[in-house]
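Residues in the sequence shown are numbered from 20 upward in steps of one, following the numbering used here.
Beta carbons: idealized from backbone N, C-alpha and C, even for Gly.
Predicted model only: the values in this text are computed from it and were never measured.
Have a look at the structure below, then the notes.
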Amino acid sequence: MFIRTAMAADLPAIHDLLVETWHDAYDAVFGRDKVTAITGEWHSVTALRRRLDRPHSEFIVADDGATIAGMAFAAAGADGKVLTLHQLYVRPAFQRGGIGGLLMDEILNAFPDAETCILEVAEGNSRAIAFYQSYDFAVAGGPEGELRHLRMERSLGVDAD
Ligand SMILES: CC(C)(COP(=O)(O)OP(=O)(O)OC[C@H]1O[C@@H](n2cnc3c(N)ncnc32)[C@H](O)[C@@H]1OP(=O)(O)O)[C@@H](O)C(=O)NCCC(=O)NCCS
């Protein structure tokens with residue numbers, strides 16, 4: 020398994036990964052119809068393509084040569100100090116094999132000037148919350164909005180614990 024930058028040719032496979040992984044993670048939380056609607060809008064190839072060229076961002080995949088097993092997308096603010104992890108997903112069959120950790124490490128290493136990393140995770144997604152806690156993220160706000168998102172945060176850099 021290797022981690023590399025996402026390319027336009029990967030977008031259909033990334034879309035499939037997101038649809039499969041979202042149903043697995045969120046059908047029990049939001050219901051299947053709601054998940055279908057969300058993935059249709061947020062994870063269309065058109066929506067994903069916009070992320071390829073976004074400044075101050077990193078869009079990466081975990082690829083074993085046959086399957087795109089995971090993906091992550093993160094972007095820094097204009098001053099580079101606050102990094103937002105927008106997406107981190109590993110196909111269900113590949114979860115708990117260290118791929119999420121590889122993607123997380125690559126994202127954090129790609130933004131050496133970032134002082135804080137923030138993300139949102141649905142309150143009912145206890146697996147992801149456990150993963151982020153294992154990477155020293157702590158709940159810093161929420162739940163908010165229709166999807167009851169928690170805000171999680173981690174300090175980065177030389178002074179971080
Ligand atoms: C959350 C997710 C990205 C983690 O990726 P992963 O490849 O499964 O995670 P890793 O194998 O790298 O796990 C690293 C550590 O995180 C913790 N962890 C991961 N999954 C966990 C779970 N289900 N329960 C408890 N702890 C977990 C463990 O400490 C684990 O280390 P260990 O296996 O040595 O005990 C992945 O499970 C996923 O895509 N889930 C569904 C989609 C999702 O919720 N994405 C995040 C949306 S905000």
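- Annotation for Q106: the continuous beta strand (DSSP E) segment containing it runs 101 to 109.
- Taking 7 Å as the cut-off, the C-beta of R146 counts as close to a heavy atom of ligand 1.
- Take the alpha-carbon of Y154 and the one of P74: they are about 26 Å apart.
- Here the segment 58 to 74 makes no contact with the segment 139 to 152; the two share fewer than three CB pairs at distances below 8 Å.
- Counting only runs that start and end inside the segment 43 to 108, the beta strand (DSSP E) elements of at least 3 residues fall at 76 to 82, 87 to 95.
- Around the Cβ of M26, a 10 Å sphere holds fewer than 16 other Cβ atoms; the residue is exposed.
- Around the C-beta of T65, fewer than 16 other C-beta atoms lie within 10 Å, and the residue is accordingly described as exposed.
- For the options T24, R69, F49, A32, the alpha carbon positioned closest to that of G164 is the one of F49.
- Residue environment: F130 is assigned as buried (16 or more neighbouring CB atoms within 10 Å of its CB, all protein chains considered).
- Remark: the C-beta of V109 is in contact range of ligand 1, defined as less than 7 Å to any heavy atom.
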